[in-house]
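J.: Before I ask anything, let me first share the structure, which is written out below as structure tokens.
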Amino acid sequence: MHPLLTQDQIDAYQRDGAVLIKGLFKDHVDTLRAGIERNMDAPGPYAAENLKAGEGGRFFDDYCNWTRIPEFEEVIRTSPAAEVAADLMGSDRVQVFHDHVLVKEPGTSKPTPWHQDGPYYFVEGAQTVSFWSPMDPVTDASLRCVAGSHKWDKPVLPTRWLAESSFYPNEEDYMPVPDPDAEGMEVKEWTMEPGDAVAFHFATLHGARGNEAGTRRRAFSLRLVGDDARYVERPGPTSPPFPGHDMTPGQTLREDWFPVIYRR
6 MHPLLTQDQI DAYQRDGAVL IKGLFKDHVD TLRAGIERNM DAPGPYAAEN
56 LKAGEGGRFF DDYCNWTRIP EFEEVIRTSP AAEVAADLMG SDRVQVFHDH
106 VLVKEPGTSK PTPWHQDGPY YFVEGAQTVS FWSPMDPVTD ASLRCVAGSH
156 KWDKPVLPTR WLAESSFYPN EEDYMPVPDP DAEGMEVKEW TMEPGDAVAF
206 HFATLHGARG NEAGTRRRAF SLRLVGDDAR YVERPGPTSP PFPGHDMTPG
256 QTLREDWFPV IYRR
């Protein structure tokens, strides 16, 4: 077991689908901040601005940039994230799925909508983990995760954040997006320092409050998969789409695109 982890944290991850890992990227904060600035100065093809006209602030996000932003690749390959992921998932190997940057500038009142990441992806498995790590101290703008939602029988409807429409045509295969606060669900939320990370399952329902603070809220996310992760087809283009991947249902993710970064 990695020194950053306890058995209680591993048990909490398996039970709740989310757990706080203090200091996971604490030795890499400056590197990640530099990478985020490089990313924002030269956005990739999937970069998005997530505010409608008249909404204050700025909510930028972008993903799948680690192969072109050296700071991200350095952290992915040298931080303890892969080994911690293996322990949390109970997996013998860890593959990179993708990176994701989310930046809420001061005065961005718009919350991140409640959603599960899994339905947007073309991968399924019990052994998945996302790390969400702020590069600034966060209180109210922290990530919020619904305990146990990774074990729900039916996935939550994936939607387009700006258009607020269904991401796929088969809405009947999903449950409506719940309102965890109104419905009395157990929501996990933590005050965090730069380099701390929330680890959460791809199927965990999560969101984030707006950033009403006077400081930025820069977050770096890293999505990793383990032994049982397999490619699945969805009823439309996925997010991220990874065009031309040529994988077939049931296949492990191709290692030339999604490299193995840890083996026991």
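Residues 6 to 269 (the working numbering) make up the sequence shown, in order. Every residue gets a Cβ at the ideal spot worked out from N, C-alpha and C, and that includes glycine.
Pick out the complete beta strand (DSSP E) segments inside the stretch 59 to 86, 3 residues or longer, and give them in chain order.
T.: Counting whole runs of 3 or more residues, the stretch 59 to 86 contains the beta strand (DSSP E) stretches 64 to 68.
J.: Using the C-alpha atoms, what's the distance from Phe30 back to Val134?
T.: Each residue's alpha carbon lies about 15 angstroms from the other.
J.: Taking Ser171 as the reference, give the member of Glu198, Gly241, Trp137 with the closest Cα.
T.: Answer by Cα proximity: Gly241.
J.: Excluding the five sequence neighbours on either side, which residues of its own chain have a C-beta within less than 7 angstroms of the C-beta of Leu37, listed in chain order?
T.: Answer for Leu37: Phe30, Glu76, Val80, Met140, Phe225, listed in chain order.
J.: Taking Gly40 as part of the alpha helix (DSSP H), name the residues at either end of that continuous run.
T.: 34 to 46 is the extent of the alpha helix (DSSP H) around Gly40.
J.: If we require 3 or more residues per run, which beta strand (DSSP E) segments fall completely within the stretch 224 to 269?
T.: Counting only runs of 3 or more, we get 265 to 268.
J.: Give me the residue from Gly153, Tyr179, Met180, Trp137 with the minimum Cα distance to Asp21.
T.: Asp21 has its Cα closest to that of Gly153, out of Gly153, Tyr179, Met180, Trp137.
J.: Under DSSP, the alpha helix (DSSP H) around Arg20 begins and ends at which residues?
T.: Note, Arg20: alpha helix (DSSP H), 12 to 21.
J.: Between the stretch 57 to 72 and the stretch 192 to 203, do at least 3 Cβ pairs fall closer than 8 angstroms?
T.: Cβ pair count under 8 angstroms is below three, so no.
J.: Would you kindly work out how many angstroms separate the C-alpha atoms of Ser244 and Tyr125, rounded to a whole number?
T.: Each residue's alpha carbon lies about 5 angstroms from the other.
J.: With distances taken between CB atoms, is the gap from Arg149 to His211 smaller than 8 angstroms?
T.: A contact, by the Cβ cut-off of 8 angstroms.
J.: So, is Met6 buried or exposed, given that buried needs 16 or more other C-beta atoms within 10 angstroms?
T.: Answer is exposed; the Cβ neighbour count stays below 16.
J.: Is DSSP giving Met94 helix, strand or coil here?
T.: In the structure shown, Met94 sits in a helix (DSSP, three-state: H, G or I).
J.: Could you tell me if Lys115 is buried or exposed, where buried requires 16 or more neighbouring beta carbons within 10 angstroms of its beta carbon?
T.: Per the 10 Å Cβ criterion, buried.
J.: Rounded to whole angstroms, what's the CA-CA distance from Asp66 to Asp16? Just pull it up for me.
T.: The straight-line gap from Cα to Cα measures roughly 31 angstroms.
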